[in-house]
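Numbering (numbering that gives the first Met the number 0), first residue to last: 0 to 171.
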Amino acid sequence: MKEAFGGLLFAFIFAIILVYMVMASDFESLIHPLIVMFTLPLGIIGVVVGLLISHSTLSIGSFLGMILMAGVVVNNGIVMVDYVNLLRRERKKDVRESLIEGCTTKLRAIILTTLTTVVGMIPMAVSRTSGSEFRAPMAISVIGGVLISAIFTLYLIPVIYELAEKARWKRK
């Protein structure tokens with residue numbers, strides 16, 4: 000069991016590093032990928048809350064669910080930050096204007112992604128068929144992580160983005 004968790008933890012950390020490197024090259028920034036990656040700890044909080052509410056334990060299934068959740072929550076952050084960057088670059092808007100327009104424009108996409116993921120995982124979370132003892136914690140991890148992270152992403156990512164940009168301008 001320890002060996003399996005060790006392997007999954009290594010895979011999770013490796014995936015985070017790889018995703019960061021891809022985002023850094025795409026955003027042409029080292030800060031913006033960090034802002035997006037801030038959604039991961041928020042998602043992990045959601046996983047813990049989901050497991051506590053459902054009286055589940057951290058298992059290989061729930062850990063796999065955490066890896067699945069990471070992909071969805073990072074995608075939500077990328078959608079938001081990428082669009083804000085696009086508004087700033089192509090329409091020459093200031094940071095706050097870009098954040099307001101970007102967040103309101105991408106709100107629907109983030110909510111729809113979150114809801115479809117959660118609704119798609121509900122049957123797996125409540126199923127009591129054979130194998131559900133493995134699948135249910137995985138689905139609960141995804142549901143808790145995606146829900147909590149989406150809520151925080153919509154509020155905290157714009158704040159962190161603006162603070163990071165203000166700090167960058169002060170250094171210049």
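We treat Cβ as the ideally placed atom computed from N, Cα and C, and that holds for glycine.
Residues I142, V145, L146 of the same chain have their beta carbon placed closer than 7 Å to that of V117, with the five preceding and five following residues left out of the count. Taking a 10 Å sphere around the C-beta of P122, we find fewer than 16 other C-beta atoms and assign the residue as exposed. In the structure shown, L57 adopts coil according to DSSP, grouped into three states. In its chain, beyond the 5 residues on either side, P136 have a beta carbon closer than 7 Å to the beta carbon of S58. Comparing alpha-carbon positions, the option among K169, A149, L155, F133 lying closest to N74 turns out to be A149.
Taken through DSSP and simplified to helix, strand or coil, F37 comes out as coil. Residue D93 holds the alpha-carbon nearest to the alpha-carbon of E161 among D93, F26, S55.
Under the three-state reduction of DSSP output, E27 falls in the coil class, being neither helix nor strand.
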